[in-house]
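These notes are about the structure you will find just below.
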Amino acid sequence: MLTHADKHLIRSLKKKSERDALNLFPAEGPKVVADLLPAFRCRLIIGDESSLKVLERTESTPERIVTMPNSYDYKSLSNLITARPPIAIFEKPETDPENPAPPSSLSLLLDSIQDPGNMGTIIRTAHWFGIRHIYTSAGTADAYQPKVVQSTMGSLAQVRLHPLNEKGLKVLLENMHKENAPVYGALLQGYPLFETALTPIEKPGLLIMGNEGRGISNSITPYINRAVTIIPAGDNHPDSLNVAIATAIFLAEFSRQSKH
């Protein structure tokens with residue numbers, strides 16, 4: 001039975017403050033929920049008999065399973081324009097915002113990426129190119145907000161997110177510096193991407209992508225030891241590329257060079 005407390009919990013997770021306080025996040029739709037079930041502990045899943053068949057695809061067992069009638073209206077609980085059961089509540093993974101483990105392969109550092117659409121696209125793109133870890137600075141869009149979770153189409157299960165506070169960000173960058181590891185920064189004044197010999201994806205390294213408006217923060221740029229840029233074609237071009245598109249271009253080139 002779906003209780004009033006269950007409904008209140010699901011609705012409350014639309015707010016970041018509640019997601020952070022409870023360490024939970026919602027997801028919905030058969031594709032997304034099925035992909036997340038093996039990767040995250042599921043506290044609650046609700047749906048009709050048909051939508052709950054996603055449970056047959058995984059050995060993961062939710063703490064609670066609530067079967068609803070086919071006629072149930074999920075609109076008041078859904079974060080989508082058109083509600084699509086099942087709706088599930090997952091636990092966020094434990095992370096240490098102050099003492100991040102250094103990357104063992106090429107990873108992303110997102111510096112204050114604010115648009116949820118960009119965030120979701122970057123996570124999905126990272127999954128496509130085999131990037132397993134993404135570090136995020138303070139001010140970056142919450143990866144566990146509904147819009148991001150849904151737009152990743154399940155890739156959130158394959159890419160580990162490491163939200164960092166100011167101290168953790170400095171620890172990460174200082175460790176990269178001590179190891180003399182490659183730290184790439186997407187900068188307009190950088191060396192042309194397609195003329196740069198890049199680190200193989202399976203080797204330790206960091207690619208930093210900056211904020212949509214101001215780029216990479218001044219406090220981070222001193223740690224960049226390999227500034228790279230995407231050279232536009234001709235003179236009649238926009239001032240900049242969308243950060244999600246730019247990330248895809250960078251990762252595609254890393255991938256291409258890793259295979260040769």
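Just so we're aligned, residue 1 is where the sequence shown starts under the UniProt record's numbering, counting upward by one. Cβ coordinates follow ideal geometry from the N, Cα and C atoms, glycine included.
- In terms of Cα proximity to ILE216, the closest of GLN114, PRO146 and CYS42 is GLN114.
- For the pair THR136 and PRO163, the CB atoms are nearer than the 7 Å cut-off.
- Short of 6 Å from the beta carbon of PHE129, and not among the five residues preceding or following it, lie these beta carbons of its own chain, in chain order: LEU251 and SER255.
- In the DSSP assignment, GLU166 falls within the alpha helix (DSSP H) that extends over 166–178.
- THR136 has LEU110 and PRO163 as its beta-bridge partners, per DSSP.
- Considering only LEU188, SER12, LEU106 and LYS31, the residue with the shortest C-alpha distance to VAL54 is LYS31.
- Burial is judged here by how many other beta carbons sit within 10 angstroms of a residue's own beta carbon; PRO238 has fewer than 16 and is exposed.
- Contact annotation, MET68 with LEU2: C-beta distance approximately 7 Å; criterion of less than 8 Å satisfied.
- When DSSP states are grouped into helix, strand and coil, PRO38 belongs to the coil group.
- By the C-beta criterion, the stretch 180–188 is judged to be in contact with the stretch 200–220, since at least 3 inter-stretch pairs fall below 8 Å.
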